[in-house]
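Colleague:
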Amino acid sequence: MPANLPPQYYEEEKKLKEARTPDEKIRIIERMLAIIPHHKGTDKLIGSLRAKIAKLKEERDKRPQTRKGIDALYNIKKEGAAQILFIGFPNSGKSSIVGALSEEYIEVADYPYTTKILQPRMMRYEDIWIQLVDTPALGDDNTNMWFGNMVRKADLICIVLSISEDVWTEYELIKEELNPHLEETKKPYIVVVNKMDLTDHAHKYEELEEKLRNEKTLCIPVSATHLMNLHELKEKIFLMSGIIRIYSKLPGKKPDLDAPFTMKKGSTVLDFAEGIHKDFVKKLRYARLWRKETLNGMMVSKDFILEDRDIVELHV
Ligand SMILES: Nc1nc2c(ncn2[C@@H]2O[C@H](COP(=O)(O)OP(=O)(O)OP(=O)(O)O)[C@@H](O)[C@H]2O)c(=O)[nH]1
Ligand SMILES: [Mg+2]
56 MPANLPPQYY
66 EEEKKLKEAR
76 TPDEKIRIIE
86 RMLAIIPHHK
96 GTDKLIGSLR
106 AKIAKLKEER
116 DKRPQTRKGI
126 DALYNIKKEG
136 AAQILFIGFP
146 NSGKSSIVGA
156 LSEEYIEVAD
166 YPYTTKILQP
176 RMMRYEDIWI
186 QLVDTPALGD
196 DNTNMWFGNM
206 VRKADLICIV
216 LSISEDVWTE
226 YELIKEELNP
236 HLEETKKPYI
246 VVVNKMDLTD
256 HAHKYEELEE
266 KLRNEKTLCI
276 PVSATHLMNL
286 HELKEKIFLM
296 SGIIRIYSKL
306 PGKKPDLDAP
316 FTMKKGSTVL
326 DFAEGIHKDF
336 VKKLRYARLW
346 RKETLNGMMV
356 SKDFILEDRD
366 IVELHV
């Protein structure tokens, strides 16, 4: 029996493709269900839409809650595998980028100083969560209250520039603010050049990239509103944040590939053991390690340096 669906149904179906958050998708599917006529030909469709809602709700509830409770107005507690700080001048698109990467609501507006306080959001990257912190624009009266503390604390700084502005001058001004804190900590940072959809300005990018390359600074062109290059940005953030994922395995069992431990690059087998249990430090004898195609259960010593995606079996 043909389903014979009204045109409004197909309009909602189109919207569904563009929806990003589980809540948005649920609302659209609920509207689709309200539109569908009930008869034998639509039974299957109705069933599959209801199943979709159930799955989306599950997905929504599994998501870790972004902590809205902050221990202080000017300090965000680190959550997840790493903390990434987004800084820049008014209207460069910091909030738009943090919103797009986390797929969570965040206030965006076309006037300067929209963001008034630090805003944490959680971003999914493959099998881990990374915390993004959106900040009030530099030059805001309260900048000094959070700037030094948050810069020192974060695992990575993203300097957000808008290609519509004088990007090099803005970069130099921001670098000047950052330098005193970076020198102490050797903190990594990258430059995110936003609004690359504004084609009248796009030609400025190459020159900026070359200047930055000369000082060995990584930059990446994106458009938050046009969702351009955001996947690459996620990847760069992960790579530059200096974290690796380690999967643990019990002897004779399959590795637990669902829940990686995250550690700093350069961590050893012993660091990993310590992270799992304090007692393991004394008891650890050796470990076996699986690494992509190269290592297959090789016996390694305590000071062996781990890499992203290593699978480790501790022997005590
Ligand atoms: N064309 C274009 N506009 C963008 C892009 N990203 C953000 N915008 C617009 O730029 C304006 C400022 O965006 P926000 O994300 O609020 O910028 P912000 O840096 O957080 O601004 P403040 O909180 O005021 O410091 C809004 O009107 C956005 O819609 C982009 O990639 N392309
Ligand atoms: Mg903002």
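Residue numbering for the sequence shown follows the numbering used here, beginning at 56 and increasing consecutively.
We treat Cβ as the ideally placed atom computed from N, Cα and C, and that holds for glycine.
How many whole angstroms separate the CB atoms of ILE374 and ILE101, which I take to be in contact at a CB cut-off of 8 angstroms?
Modeller: Residue 374 lies beyond the range of the chain shown here (56 to 371); nothing can be said about it.
Colleague: Run the CB neighbour count on GLY143, radius 10 Å, all protein chains shown included, and call it buried at 16 or more, exposed below.
Modeller: Taking the first residue of the sequence shown as 1, we reach residue 143 at position 88. The residue in question, GLY143, is buried, as its Cβ has 16 or more Cβ neighbours within 10 Å.
Colleague: Quick check: SER150 and ASP189, are their CB atoms within less than 8 angstroms of each other?
Modeller: Working through the sequence shown from its first residue, we reach residue 150 at position 95. Working through the sequence shown from its first residue, we reach residue 189 at position 134. Their beta carbons are under 8 angstroms apart, which means SER150 touches ASP189 by this criterion.
Colleague: Taking the C-alpha atoms as reference points, what is the distance between PRO243 and ASP98?
Modeller: On the sequence shown, residue 243 is found 188 positions in, with the first residue counted as 1. On the sequence shown, residue 98 is found 43 positions in, with the first residue counted as 1. One C-alpha to the other measures close to 55 angstroms.
Colleague: Relative to the C-alpha of GLU231, which candidate in ILE183, GLY203 and LYS95 has its C-alpha closest?
Modeller: Start at 1 with the first residue of the sequence shown, and residue 231 comes out as number 176. Ranking ILE183, GLY203 and LYS95 by Cα distance to GLU231 puts GLY203 first.
Colleague: From the DSSP output, in three-state form, read off THR317 for me.
Modeller: Position 262 of the sequence shown, counting from 1, holds the residue named residue 317. The answer is strand: DSSP assigns THR317 an E or B state.
Colleague: So does TYR65 have its beta carbon nearer than 7 angstroms to some heavy atom of ligand 1?
Modeller: In the sequence shown, counting from the first residue as 1, residue 65 sits at position 10. No.
Colleague: MET178: buried (16+ other C-beta within 10 angstroms of its C-beta) or exposed?
Modeller: Here the question's residue 178 lines up with position 123 in the sequence shown. Buried, by the Cβ-count rule.
Colleague: Can you give the Cα-Cα distance for LYS333 and THR323, rounded to whole angstroms?
Modeller: Here residue 333 refers to the residue found at position 278 when the sequence shown is read from its first residue. Here residue 323 refers to the residue found at position 268 when the sequence shown is read from its first residue. In a straight line, the C-alpha of LYS333 is about 15 angstroms away from that of THR323.
Colleague: Are ILE183 and THR76 touching if we call contact CB-CB under 8 angstroms?
Modeller: To locate residue 183, count along the sequence shown from 1; it is residue 128. To locate residue 76, count along the sequence shown from 1; it is residue 21. Not in contact: ILE183 and THR76 (Cβ atoms no closer than 8 angstroms).
Colleague: VAL206 and SER147: beta carbons closer than 8 angstroms?
Modeller: Numbered from its first residue, the sequence shown carries residue 206 at position 151. Numbered from its first residue, the sequence shown carries residue 147 at position 92. Cβ distance not < 8 angstroms, so VAL206 and SER147 don't count as in contact.
Colleague: Determine whether the beta carbon atoms of GLY297 and ASP210 lie at a separation below 8 angstroms.
Modeller: By one-based count along the sequence shown, residue 297 stands at place 242. By one-based count along the sequence shown, residue 210 stands at place 155. A contact, by the Cβ cut-off of 8 angstroms.
Colleague: Do you know how far the Cα of THR280 is from the Cα of HIS93?
Modeller: Here residue 93 corresponds to residue number 38 of the sequence shown, with the count starting at 1. Here residue 280 corresponds to residue number 225 of the sequence shown, with the count starting at 1. Near 39 angstroms, if we compare the C-alpha coordinates of THR280 and HIS93.
Colleague: Short check: CB of ILE229 to CB of LEU193, under 8 angstroms?
Modeller: The residue you call residue 229 lines up with position 174 of the sequence shown. The residue you call residue 193 lines up with position 138 of the sequence shown. Yes, the Cβ-Cβ distance between ILE229 and LEU193 is below 8 angstroms.
Colleague: If we ignore side chains and look at the alpha-carbon of each, how far apart do HIS258 and ASN284 end up?
Modeller: As a position in the sequence shown, residue 258 is number 203, starting the count at 1. As a position in the sequence shown, residue 284 is number 229, starting the count at 1. Their Cα atoms are separated by approximately 17 angstroms.
Colleague: Starting from MET353, trace the beta strand (DSSP E) both ways and give me its first and last residue.
Modeller: Stepping through the sequence shown from its first residue, residue 353 is reached at position 298. Where MET353 is concerned, the enclosing beta strand (DSSP E) stretches over 350–355.
Colleague: Roughly how many angstroms separate the alpha carbons of LYS319 and LEU111, rounded to a whole number?
Modeller: The residue labelled residue 319 in the question sits at position 264 within the sequence shown. The residue labelled residue 111 in the question sits at position 56 within the sequence shown. So the alpha carbons of these two residues sit roughly 33 angstroms apart.
Colleague: Would you mind working out which of LYS250, VAL222 and LYS304 sits nearest LYS266, comparing C-alpha positions?
Modeller: By 1-based counting over the sequence shown, the position of residue 266 is 211. Looking at the Cα atoms, VAL222 is the closest of the given residues.
Colleague: PRO310 and ARG300: beta carbons closer than 8 angstroms?
Modeller: Mapped onto the sequence shown, residue 310 falls at position 255. Mapped onto the sequence shown, residue 300 falls at position 245. Cβ distance not < 8 angstroms, so PRO310 and ARG300 don't count as in contact.
Colleague: Would the C-beta of LYS149 count as close to ligand 2, meaning under 7 angstroms from any of its heavy atoms?
Modeller: Your numbering for residue 149 matches position 94 in the sequence shown. LYS149: yes, Cβ under 7 angstroms from ligand 2.
Colleague: What residues in its chain sit with their C-beta under 8 angstroms from that of LEU273, if we drop five residues either side in the sequence?
Modeller: The residue given as residue 273 occupies position 218 in the sequence shown. Excluding sequence neighbours, LEU273 sits near ILE245, VAL246, LEU267, LYS291 and MET295.
Colleague: Put LYS304 into one of helix, strand or coil per three-state DSSP.
Modeller: In the sequence shown, the residue the question calls residue 304 occupies position 249. In this structure, LYS304 counts as strand in the three-state DSSP scheme.
Colleague: Rounded to whole angstroms, what is the Cα-Cα separation between VAL13 and SER303?
Modeller: An answer regarding residue 13 cannot be provided, because it is not within the stretch 56 to 371 covered by the chain.
Colleague: Does any heavy atom of ligand 2 sit closer than 7 angstroms to the C-beta of ASP189?
Modeller: Counting from one through the sequence shown, the residue named residue 189 turns up at place 134. Yes, the Cβ of ASP189 comes within 7 angstroms of a heavy atom of ligand 2.
Colleague: Cβ-heavy atom distance between TYR168 and ligand 1 below 7 angstroms?
Modeller: Here residue 168 corresponds to residue number 113 of the sequence shown, with the count starting at 1. TYR168 Cβ: within cutoff of ligand 1.
Colleague: How big is the Cα-Cα spacing for CYS213 and ASN197?
Modeller: By 1-based counting over the sequence shown, the position of residue 213 is 158. By 1-based counting over the sequence shown, the position of residue 197 is 142. One C-alpha to the other measures close to 20 angstroms.
Colleague: Tell me, to the nearest whole angstrom, how far the beta carbon of LEU156 is from that of LYS289; I am working on the premise that it is less than 8 angstroms.
Modeller: Here the question's residue 156 lines up with position 101 in the sequence shown. Here the question's residue 289 lines up with position 234 in the sequence shown. With 8 angstroms as the limit, LEU156 and LYS289 qualify as a contact, their Cβ atoms being about 6 angstroms apart.
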